[in-house]
Every structure is written in C-alpha cells, then in structure tokens.
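From first to last, the protein sequence lines stand for chains H and Y. Using the working numbering, the letters of the first sequence map in sequence onto residues 1 to 630. Using the working numbering, the letters of the second sequence map in sequence onto residues 1001 to 1232. No residue lacks a Cβ here, since even glycine has one placed at the ideal position from N, Cα and C.
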Amino acid sequence: MAKEEKNEDNGVSRREFLNKAKLLAGSVAGGMAMANLAAAGTISDKNKAKEIQIPGSTVKVPEPVYEVFNTDVLILGGGFAAVSAAMEAFGQGANLMMVDKGPFGFSGGFGMNWDNYVTSITDGDIAYKFNFWYSEGLCNQKALKAVFNHMPNHRIMVDIANRGTSAFGRTKNGQLFKVPMPGQEMVEHGFSRHESDEIKRQGINVVERTMITNLFMQDGRCIGAMGIYLPTGAFRVFRAKAVILATGPCTWHYGWISVSPVSLGSPDNTGDLDAIALKNGARITGCEFFANDLISIYPEGLAASYNGGIGADDINYAYICDKNGDFWMKDIPKPEMNRGLFAREVAKKILEGKGSPNGGVYIDCRTNAVLDGLRDTYKRNVKPYKELFGIDVQKDLLEVAVEWYESNAHPIIDENLATDIPGVFCPVGGGLRGAKSGGIALNMSASSLAAIKAVKYAEDNKINKIGWQPVNNEFARVYEILNRKVKNPVRPHAVRHAIQKAAYKALGPIRDAASLESSIKEIVRIKKEDLPRMNVSNKTKIFNTEWKEAIENYNMIDMVEAMCRAALMRTETRGQHYRSDFKKRDNENWLCNITVKLLNGKMKLDKEPIVCLDYTPDQVKKFIDNKFAL
Amino acid sequence: MNVKILKYDPSTDSAPYYKTYNVPWKKNITVLEVLVYIHENHEAIAFDYSCRGRVCGRCAMMLDGEPMMACYTPVKKDGDIVIEPLKGFPVIRDFIVDKSKILERIAKIEARVRSKPLVESDITAVMDPALAKKIGDLEWCCRCLSCVAACPVINEMKDPEKFIGPAGLVALGLRYYDPFDEADRIIEAVQNGLYACIMCGNCNNVCPAAEINHLEVYSELRKEAEKKGLKT
C-alpha cells in the first residue's frame, strides 16, 4: 500500500479510508441484499507490504484490510431485544444499524418461528413487584423500576399484533385465551417472523450473517464494533456513537448430544457479546443463574429442541412423573409455581434416585386429557414422533431432561441500562433478572428504554478522533486463529465439546463444590493446553464454520468459567441455582449479586450489594420469604 | 452407509463436485446428524442449522433429490444416500445457500397493509375460532423454501417475478384471511402468479408443517379471484 497522509496511527490512510467508505456507501443504501454488498465492498488484500507479528505466534499477519460502516446507534443482535430497540430508535429518527450473526429473522431463539407466549403488562406497579419478588430479591430495583415506569401498562400484545400477528390463541367461543400472571397476562401464538418482516417493512438497515468479534474501544469508550462477514470472510468495522448489546443467552455450552447441547437454544447462542464486554472491562453478573424447561432427549438428533420435542415447563407440569409413576408436582398450585421451584423439584427427585437413566424425569402423555392439553408447540410433534421416528407417546412414558433456555449472565447495568463501558447499553443486562429469568415483556420494555438512552448518548457524545490500532489488532487476532500452524492440532469442535462436557458436569440442576471445582480445573486446562493448539483445518474464508466455531470458543470458555466460578462462590440455594451442599436460601450472606471482572486475564469475583429503591435489604428478606401477595 | 454430498467452495473450486464419505448408520439417525458426523470425523463442511425442530428453516436441503429439513428427517435404512444443497438457489458454500431472492419478497408480502394501527379492542374482540385456526395454521410456514425447491413451475419458469412460488402464495393466503389487513390480496396473488401454479401438490408433500394445506389456500384464492373476474 502506498504510504500517504496516515490518519491518527498506523492504520488505514485517510484517502484509503474515504475510498472504502465511498465504495460501501452505495451498497449500504441498497438495503437488505447483503450478499451483493460484500462483493462490492471487499477490498483486495494483494498488498502485503507490512506484516503484523503476534507475540507467541508464528503467523505473519498481512496489513489489515476492512470494510467500514458508519452509523450513530449500533444494535448488536437480531432477536426480540434487538428488534424492539431498533424500532424505538428508528421511531426517534436515529441513524441506526442492526448487526445479526445469523440470517436475520432466522437466527437465535427469535428465528425459531414457533408459538411463543406474548406477555403484556396489565399493572406496571404489580408487575414490578412481582418481577422483583420473582428475582428472589436480586434485581436492581432502580433499573427494574425504570423499565416498568417506562411503559407502565405496556400492551405488548397490541404491539405484536401491529407488527403482523393476527390470531392469538382463542377459546372455543372465540374469546382471547389469556394466562393471567400478577400484573401481567400472556396470550399464545406469537410468531416471530412478523417481527423481522416489520423491520424490513420499515426499512431498518440490518447487516446480517456478520459475527461481531470485538468492540471498537478508544480511550475507555466504545465507538463501535468489528467482526467477520461470514459469507466472504471480509473483516468489517462498524463505527457508532452508541452501541446496544442485545444478543441472546449463552446456552450452547450446556452438554452435547449428537447435534446440540441440552438446550433449546440455537448454535448462534454462544454468549459472544457478554464475553466480549467482559474482555473489554465490563463486569458481568447473574452468571450462576439460568432458566430451564423439561424436554425430550430422544431421538438424539432432535434432543432438547423445544420445537422438535415434547416437554413440560413451570406452566404445564401436571403430567410430569418420576420413574415410579408419581406425579409429585401436580398438586402444587399454579400461583405458587415458578421456574426456581420447578427446577429444584426436579433436582430433588433426581437426587432421591427416582429420576430417569439420563439425568431427567418423565412425562406421561398417554391419556387424551394430557394430549389435548399439551401446548401446540409440543402437540404438533406427537404424530411425526410416531410416524417418522417410531416413538409412541400415547403408549410409553417419554424421558425428559432439564435443558437451559436462558442464561442470566450479562453485563451489569444501571437504571439507564448503561453497562460499565461508556457508550454501551444492554437491555438484557445483568440486574434486571436476578435469580430467575425475565420474559419477553421485560425484554421489550427494557429494549425500548435502552434505545432511548442510547439515542440520547449518541447525540450528546461526539467522536472527534479515531485511532485504528484496535481494529488492526483484532484483524490480526482473528487472522491468526484461521492461519495458525501448531503441533498436535485439535479441531475447534473437539475443543468445544470439551467445554460443553465440563459445563454439563457442573452447571446442571444439582450443583456442588466438588463438581464445580473439577470443571473449573478442566476449563483452566482447556484454556492453557487446547485453545492455543486449536486449528482450523480448512483455511477458506468463505463461510468457514470452523473458523467461526474457533472464535466463538474463546467467548464460550470465558462464559463457562464465569458461570462455574460464580456458582461455586454462591454457597446457598436460590432461584434455579440449587446447591446440594447448601440446600437453603441464605439471605444473611447471599442477598447480593456476584460480579465477575477480568483483571490481567484472571477472573475476579466480588459480592455486589443489591441496588435498593423501594425495599431496604431487611424489607427484601421479609418480602421474598413470603408468598407473593399484592 | 455411503453418503455422497455435493461440495462447493467458490473461492477454490471451478464447479460443485461430489464426494463420498462413510458414516455409521444408527436407528433414527437424522440427515443433520449425518452432516455433523462428516464434519467432525472426515473433513470440515459448511452447513447451517439452528432449531432442530423444523421451525427455523435453515437446514432445508436435498436428500436423494427431494427437499427436506435435515434436522427432522431420519435416514430410514443403512443404504447409500445423496445430500445436496437446496435446489434452485445460489450456493455460498457447500450446503449454505442464498435464499434472498424469494425471502425478501415474502417478507414484504407478509407485512400487513393497514391505514391505522390496531387498538386493543380490535384484538380482544371475539374472533371466529375457525378463522383463528386457519390463520394460525399458516403461521407455521418457516420459510425453509423446500416448497420452492420442489415446485416444477418455478424451477421451469426461473422467474420469481412471474411466479413467487408456494411459500409466497401461502404468505398471501395468510394476509387474505387476516381480518386486519386492508390490501387487496387477491389482485396481489394473481399478480404473483396464482394461475401459474399447476396444483400438483408437490409443495404440500415436502412441507415440514403438516398444518398447512397448500392446495386449499390456492383454491380459495382462485375462487375469490374468479368472483372478481381476475382469472387469467
């Protein structure tokens, strides 16, 4: 490359940058056809005049080439949170861009076009109290209150209908079928495709199939993000004045059965942005908590898929039984049931030796009453189970296991939904969920609020100067992962399965110090011995799924380590965190959050006092020790 | 079993080519499990999947010449099989295809057309449960586009402008049934090739959503088109 008027530091020359920006501008305006955009925007990397040397690696990295996108508000993610944030920011007239790792509308849990519950708030104050109680006291009261104050009577059902859903579940008389909850109500038959269609109808710019590999940091502030456009392998830089992290849970770590972990989640759910925030100095919290259902694990190819399986949850649980045919949960009244109790009941049954051979329990769908009452998403699998796979749930009990559908591990946020990193907002942030999971209502209200805060931040905080060194460093990091040559290579999927195995052993519905310590030891070993010799066997840059896996592994392993360490530290039982060696909730010592921070490459865990507003810690203890009452 | 797959990396290969791998068969093995086995035990291949339950549409591809969802299709016998990328779409690499030419149009069709936003009373009003079911059944279209790959008309015509194909007609059907939609979906259906369809039912046979009755949707749209004198 010609040497000329270098910008700020030894990155891209100003003229070259302007040329690239020009080259891309036309294509970006073209909208959604991103496959074409990449072809137009890729810069030739013929010039390898200057190489970057990575310490400890034999790989010589060529001078970085990348595509630059520019926006004001950058929304990372493509699911419910990202879509809601995007619609809010767009409605405010902001320049924004969404970046989705998968094909937009088809990625993550959101991309599964299934019949999901749509929750609306009927009374913001009651909903706030209930969510707080449900969090077992750990929610940030200020943040939670801000979210419920933002939309006190948020009729999400109406929003969802306006985005295209026409037919929520009906009773036989044609009335809307509602599932009541304190301060909230749920209706059935939400289909997420309408949400992504609405984004396209509005004309919101989505950059899809682009995996974010790092934030773009400058002087402690986030000024964008960067990553790889998977169809071509092109390196992309997204400049922005504010960034919203709105990606899904980290659930792809929890075990491995043939094609998936024991999670209904998607291969997209590798916790990238949470790990990236951690690497860039943010504290993450909620790492020891998760949310679960029971779902079939056979046939192996369909294992743990909500949509390919038949299961049960904390709303539909009367047909769950142990190996002796005892329906021990059926008499728990619905208002008393919650995710934490549900998980603990299953854990206890397994501990009593009354579980199933693969660490779960059973569901009994042999009566018509149960079959008719199954949720549609389960019921539609009954016939194909029999016809395609020879499994007849009308004749036999079906083994179900505890799967992770949600992890609570996210960057800690304040009442502005701002993370520790200036310029980064997180509507799914740690502090809103506490010891149990939140729902789509919370998620959508928080996303809307996060968008408002991010738009304001973008207006108030200009960027006067850009230093490109972080971009060059990240380009070099991912280039090295693709091109490294190592002795005793190990392929990325093998490393991943080792991580998954360690996570499954320690982070299940029953936890204890010995298994957690053993898994932490294994994670430390994988980091030291396996990650450096991880080798991408095919060096193509075209949709290199192995390269993607390898990069994700660096994120997953940090998340699993944080989860194990936090679960080990919390020597009590709370929410879905059930410690067989500490079976009681201990408000004296553990009415607090655990934060995880990276200091010099090591994880530092701290107790963080709960953030109070309406309830003092003593009031919280009394409140959560009683049943929820208005 | 011997598994022959069609591989293609446009950055190195002049054309797609077949390669055969040995994979141990087991009862109820899915096509997706076969691909994961090849990827982990033979060599890296590019394929995409997510839900393992036929609702995300990402793993649609061809098994012995027929479109299907890799995640939800068992290989019945320990014999030789051929797996290829979904027919009729540009290949990005191996089994990853670009479906944007159809998906972008379906997304635009299925966006509701309406002058004023809905209010709560519109939604809570009684709806005929039969109508709710009719719409609800079509919601299960996951846009895998197996139907498009199986459609003899679109594959011969090769012009989505003249015929959007089955998934697009299903999207039009959904909005035609939608009591809140105010556009004339019958004109739109005719414009998108309602009468190009030969009613062969291939789409219905390969569709992973048993809830959708394609021919019934097309017939109802045609009946309405005829009432309006729009039959072509």
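- Considered as a whole, the segment 390-475 of chain H harbours 398-407 as its complete beta strand (DSSP E) runs of no fewer than 3 residues, in chain order.
- Closer than 7 Å at the C-beta level to chain Y, one finds these residues of the segment 265-289 of chain H: S266, P267 and D268.
- At a cut-off of 7 Å between C-beta atoms, P1129 (chain Y) counts as an interface residue with respect to chain H.
- Residues of chain Y whose Cβ lies closer than 7 Å to the Cβ of D197 (chain H) are, in chain order, A1107, E1110 and A1111.
- Contact with chain Y is absent for R574 (chain H), since none of that chain's Cβ atoms lies less than 7 Å from the residue's Cβ.
- Note that the C-beta distance between S196 (chain H) and R1052 (chain Y) is not below 7 Å.
- Every beta strand (DSSP E) of 3 residues or more that sits fully in the segment 184-253 of chain H is shown, in chain order, as 184-190, 210-218, 221-229, 234-239 and 242-245.
- The C-beta of F1095 (chain Y) comes no closer than 7 Å to any C-beta of chain H.
- Close to G111 (chain H), with beta-carbon spacing below 7 Å, are these residues of chain Y in chain order: S1050 and C1056.
- Proximity of chain Y to K541 (chain H) at the Cβ level (cut-off 9 Å) is accounted for by S1011, in chain order.
- Each of H:M87, H:S263, H:E288 and H:Y385 was checked against the Cα of A566 (chain H), and the nearest Cα belongs to H:E288.
- In the three-state reduction of the DSSP assignment, T1232 (chain Y) falls in the coil class.
- Chain-ordered, the chain Y residues with CB closer than 8 Å to the CB of K172 (chain H) read P1129.
- Close partners of G360 (chain H) in chain Y (Cβ separation under 7 Å) are lacking, with about 17 Å as the shortest Cβ gap.
- DSSP places I1005 (chain Y) in the strand class (E or B) of the three-state scheme.
- Assigned with DSSP and collapsed to three states, C1207 (chain Y) falls in coil, not helix or strand.
- The Cβ neighbour count for K1158 (chain Y), taken over all protein chains shown within 10 Å, is under 16; the residue is labelled exposed.
- Sorting H:M337, H:S447, H:H410 and H:D420 by C-alpha distance to the C-alpha of G429 (chain H) places H:H410 at the top.
- By the criterion of a C-beta distance shorter than 7 Å, F104 (chain H) is surrounded in its chain by G78, S196, V206 and E208, once the five residues flanking it on both sides are discounted.
- Considered as a whole, the segment 1062-1150 of chain Y harbours 1066-1069, 1081-1085 and 1091-1093 as its complete beta strand (DSSP E) runs of no fewer than 3 residues, in chain order.
- Distance from the CA atom of A369 (chain H) to the CA atom of D376 (chain H), rounded to whole angstroms, is 14 Å.
- Three or more beta-carbon pairs separated by less than 8 Å are not found between the segment 1017-1033 of chain Y and the segment 342-361 of chain H, which leaves the two stretches without contact.
- Counting the other Cβ atoms within 10 Å of the Cβ of C1147 (chain Y) gives 16 or more, which makes it buried.
- Proximity of chain Y to N162 (chain H) at the Cβ level (cut-off 7 Å) is accounted for by P1117 and L1118, in chain order.
- For G91 (chain H), the nearest beta carbon of chain Y is not closer than 7 Å to its own beta carbon.
- Considering only H:S445, H:V346 and H:G311, the residue with the shortest C-alpha distance to H577 (chain H) is H:V346.
- Out of H:E552, H:L605 and H:R574, the CA that lies nearest to the CA of L138 (chain H) is found in H:R574.
- Residues of chain H with a Cβ closer than 8 Å to the Cβ of P1074 (chain Y) are, in chain order, P299, G301, L388 and F389.
- For P64 (chain H), there is no enclosing alpha helix (DSSP H), as DSSP marks it with neither H nor E.
- By the CB criterion at 7 Å, A1046 (chain Y) and R1093 (chain Y) fall inside the cutoff.
- Looking from the CA of V596 (chain H), the closest CA among H:E588, H:L302 and H:D606 belongs to H:D606.
- K101 (chain H) has a beta carbon lying at 7 Å or more from every beta carbon in chain Y.
- Using a Cβ-Cβ cut-off of 7 Å, L1032 (chain Y) counts as an interface residue toward chain H, since at least one Cβ of chain H sits closer than that to its own.
- Proximity of L397 (chain H) to chain Y, defined by a Cβ-Cβ separation below 7 Å, is not satisfied.
- Its Cα nearest to that of D364 (chain H), the residue H:Q394 stands out among H:E406, H:Q394 and H:N544.
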